[in-house]
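>
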Amino acid sequence: MQLRGHYEPLWIDAICINQSKVHELNHQVRMTREIYSNAESVMIWLGAADDTSDVAMRRLTMPKPFESDEPKFSNMWNPQ
1 MQLRGHYEPL
11 WIDAICINQS
21 KVHELNHQVR
31 MTREIYSNAE
41 SVMIWLGAAD
51 DTSDVAMRRL
61 TMPKPFESDE
71 PKFSNMWNPQ
């Protein structure tokens with residue numbers, strides 16, 4: 001993708017991954033974590049909305065409590 005002389009890479013997995021070649025598809029799917037974690041921004045298309053889409057979107061935007069079994073996250077910090 002290019003805007004007025006400025007190049008920005010654009011990854012569209014449905015286009016960039018050959019969906020008909022299982023070997024290539026499996027290889028590229030294993031790389032998606034690296035691809036998306038290096039992205040400056042990510043846009044996702046989940047498909048057309050249906051009757052339950054609003055419920056799903058509300059759930060995705062709800063804050064989730066942080067939980068960990070690691071002691072360093074469960075100890076209380078005492079201000080001095």
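Under UniProt numbering, the first residue of the sequence shown carries the number 1, and numbering increases by one thereafter.
Beta carbons are placed, not taken as given, at the ideal position from N, Cα and C, and that holds for glycine.
For L25, I'd like the list of residues in its chain whose CB is within less than 8 angstroms of its CB, leaving aside the five on either flank, ordered along the chain.
Within the sequence shown, numbered from 1, the residue matching residue 25 stands at position 25. Here the set comprises I17, N18 and Q19.
> Starting from the N-terminal side, write out each stretch of the alpha helix (DSSP H) that is 4 residues or longer and does not extend beyond the UniProt domain "Heterokaryon incompatibility" (6 to 69).
Correct list: 13 to 16, 22 to 37 and 53 to 61.
> In terms of alpha-carbon separation, which member of P63, V42, P65 and M57 lies closest to A48?
Here the question's residue 48 lines up with position 48 in the sequence shown. It is M57.
> Quick check: V29 and Y36, are their CB atoms within less than 8 angstroms of each other?
On the sequence shown, residue 29 is found 29 positions in, with the first residue counted as 1. On the sequence shown, residue 36 is found 36 positions in, with the first residue counted as 1. No, the Cβ-Cβ distance between V29 and Y36 is not below 8 angstroms.
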